[in-house]
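Q:
Numbering (this note's numbering), first residue to last: 2 to 349.
Spelled out as structure tokens, the structure:
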């Protein structure tokens, strides 16, 4: 086996203690795809467009880009480089300095709490996926048992979209309680979806980087295919251009208020502080050019956020035109409900 840099691994005994050599990525592109698949997600597609709307459109990009280069890319590089240098995961890599050992443990606590809610978002997606294998989407029309008398596919005062009502039906299946002090009932449909989701996650990772490096080519690239298809269709809809203009139009009065949101969005979407980038970087070759990788991955991440804004706001512009309301009203309702999915009502 391999030994430490000085030829002997720490331990008792008279001679060096063998250390298991850490496997490396089959191809460097496996690492790039793994980081893209891990870091690029809902924070880019869901949160970034709304923050642009909330914080003055194009004006939000000024502090966003500034913080990307001042804080985002340097910390992103630090996490990858730490793993690549130490050849350790997100916890043990911080043994580089005794004072920092608690950082790895703290990141694991954060990951644990993040997974408890993030896995449920995947469960909801899986539940919607199962229900999409029907001739007619259940959220496309009214007339289902969960619909109310006010359900309509045409937006009108006092009326409700079938998309929103199907989502509220899903929330009903969750049997949400009044708070942590009320355990609530068990939703067996959601439990089944949760089990299936964890099984999928397990089989994506059970052979380490050898299996992960292959799976990520689909999980990282397929969302981009979906975004391109959605944009290609979205820009052909009436009102789409108005939505894109609304997305980019700057509101200079908000320039002094957007800095905190810009910073939190970068650290959230870059998945900084979770230890995963350190773990992924630990499978790199020791002399890999992690400077180049960090810059490339940061640009892909931020570019995805910017591109997703065109997708979302082209659809919001269409929805506003169809409903005869201002885009801001549609964007606000999209935050609280399922605004992006609501296009299904108009499509079908």
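Where a beta carbon is used, it is the ideal one built from N, C-alpha and C, also for glycine.
Rounded to a whole number of angstroms, what is the C-alpha to C-alpha distance between residue 57 and residue 249?
A: A direct Cα-to-Cα measurement between residue 57 and residue 249 gives close to 9 angstroms.
Q: Can you check whether the CB of residue 60 is closer than 7 angstroms to the CB of residue 260?
A: No. Outside cutoff.
Q: For residue 293, does the count of other Cβ atoms within 10 angstroms reach 16, so buried, or fall short, so exposed?
A: exposed
Q: Apply the 10 Å Cβ neighbour rule to residue 207 and answer buried if 16 or more other Cβ atoms are within range, or exposed otherwise.
A: exposed
Q: In the structure shown, what three-state DSSP assignment does residue 353 receive?
A: The first residue shown for the chain is 2 and the last is 349, placing residue 353 beyond what the model contains.
Q: When you compare the segment 31-39 with the segment 306-317, are there three or more beta-carbon pairs, one atom per stretch, that lie closer than 8 angstroms?
A: In this structure the segment 31-39 does not touch the segment 306-317; the number of beta carbon pairs closer than 8 angstroms is below three.
Q: Have a look at 287, 301, 325 and 317 and flag the residue whose alpha-carbon is nearest the alpha-carbon of residue 24.
A: 287
Q: Quick one: Cα of residue 210 to Cα of residue 96, how far?
A: 23 angstroms
Q: Return the chain-ordered ranges of every beta strand (DSSP E) run that is complete within the segment 210-268 and spans a minimum of 3 residues.
A: none
Q: Let's see if you can read the secondary structure: which residues bound the alpha helix (DSSP H) around residue 293?
A: Counting along the chain, the unbroken alpha helix (DSSP H) around residue 293 starts and ends at 291-324.
Q: Would you call residue 266 buried or exposed, if buried means 16 or more other Cβ atoms sit within 10 Å of its Cβ?
A: buried
Q: Excluding sequence positions up to five away, which residues of its chain have a Cβ less than 6 angstroms from the Cβ of residue 320?
A: Take residue 320, set aside five residues on each side of it, and the residues of its chain with a beta-carbon closer than 6 angstroms to its own are 331, in chain order.
Q: Which first and last residues belong to the alpha helix (DSSP H) in which residue 54 is found?
A: It spans 49-55 - the alpha helix (DSSP H) in which residue 54 sits, taken as one unbroken run.
Q: Please state whether DSSP places residue 330 in a helix, a strand or coil.
A: helix
Q: Just list the beta strand (DSSP E) runs in the segment 76-145, keeping only unbroken ones of 3 residues or longer that don't cross its boundaries, in chain order.
A: Here no run is fully enclosed.
Q: So does the segment 271-289 actually touch the segment 72-80, counting three or more Cβ pairs closer than 8 angstroms?
A: yes
Q: Around the Cβ of residue 279, are there at least 16 other Cβ atoms within 10 angstroms (buried) or fewer (exposed)?
A: buried
Q: Rounded to the nearest angstrom, what separates residue 297 and residue 192 at their Cα positions?
A: Using only the alpha carbons, I get a separation of about 39 angstroms.
Q: Sort 100, 196, 243 and 226 by Cα distance to residue 326 and report the nearest one.
A: 243
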